[in-house]
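Okay, so the sequence shown: first residue is 1 according to UniProt numbering, each after it adds one.
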Amino acid sequence: SASIVRCHAAAVPSAFTIRAGSYADELVKTAKTIASPGRGILAMDESNATCGKRLDSIGLENTEANRQAYRTLLVTAPGLGKYISGAILFEETLYQSTTDGRKMVDVLVEQNIVPGIKVDKGLVPLVGSHDESWCQGLDGLASRSAAYYQQGARFAKWRTVVSIPNGPSA
1 SASIVRCHAA
11 AVPSAFTIRA
21 GSYADELVKT
31 AKTIASPGRG
41 ILAMDESNAT
51 CGKRLDSIGL
61 ENTEANRQAY
71 RTLLVTAPGL
81 GKYISGAILF
91 EETLYQSTTD
101 GRKMVDVLVE
111 QNIVPGIKVD
121 KGLVPLVGSH
131 DESWCQGLDG
141 LASRSAAYYQ
151 QGARFAKWRT
161 VVSIPNGPSA
């Protein structure tokens, strides 16, 4: 049987009613942790290419070991959990360990930081349009989400561009 989670204490279902099933309690706990006062979300979901640009700016090669060291520096910053409630990770990071062998996800959870994952796969041109794009990543999303959950991710980020042209889109 499916549980119902409401985003506010309403007596009747609203537009915000969610069927959460056996995940209802975990969903509420995750939302409360992420929305805890005085804390925010750390977006550390840079692609390997973008991370490489950061490394290049300080004279380092874009290697997995250097990306691992950079991400280790982020997740082990003293007091991080005091200010950060959630961290959006890139897929490589979700499966990565710190330089001393601890899972990145575990290091975050130990600091009461909820691990999340970027699930969109980037933009491609929308055929037949005028400079519009389409976001990839819906194919395989259910199975990827299940794998991400097993790895420790408890929320997801999906980002796309919405273009509002002055004329018709096609």
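The C-beta atom is built at its ideal place from N, Cα and C for all residues, glycine as well.
So, with DSSP's three-state summary, where would you put Ile113? Coil, per DSSP.
Is it right to say Ile113 is buried, meaning 16 or more other beta carbons lie within 10 angstroms of its own, or is it exposed? buried
Hey, Leu80 and Asp45: beta-carbon distance below 8 Å or not? no
If we count the other Cβ atoms within 10 Å of its Cβ and call it buried at 16 or more, is Gly152 buried or exposed? buried
Do you know whose CA, among Met104, Asn66, Ala69, lies nearest Ile117's CA? Met104
To which residues does DSSP link Lys32 through a beta bridge? Beta-bridge pairing links Lys32 to no other residue.
The alpha helix (DSSP H) with Ala49 in it runs from where to where? 48 to 56
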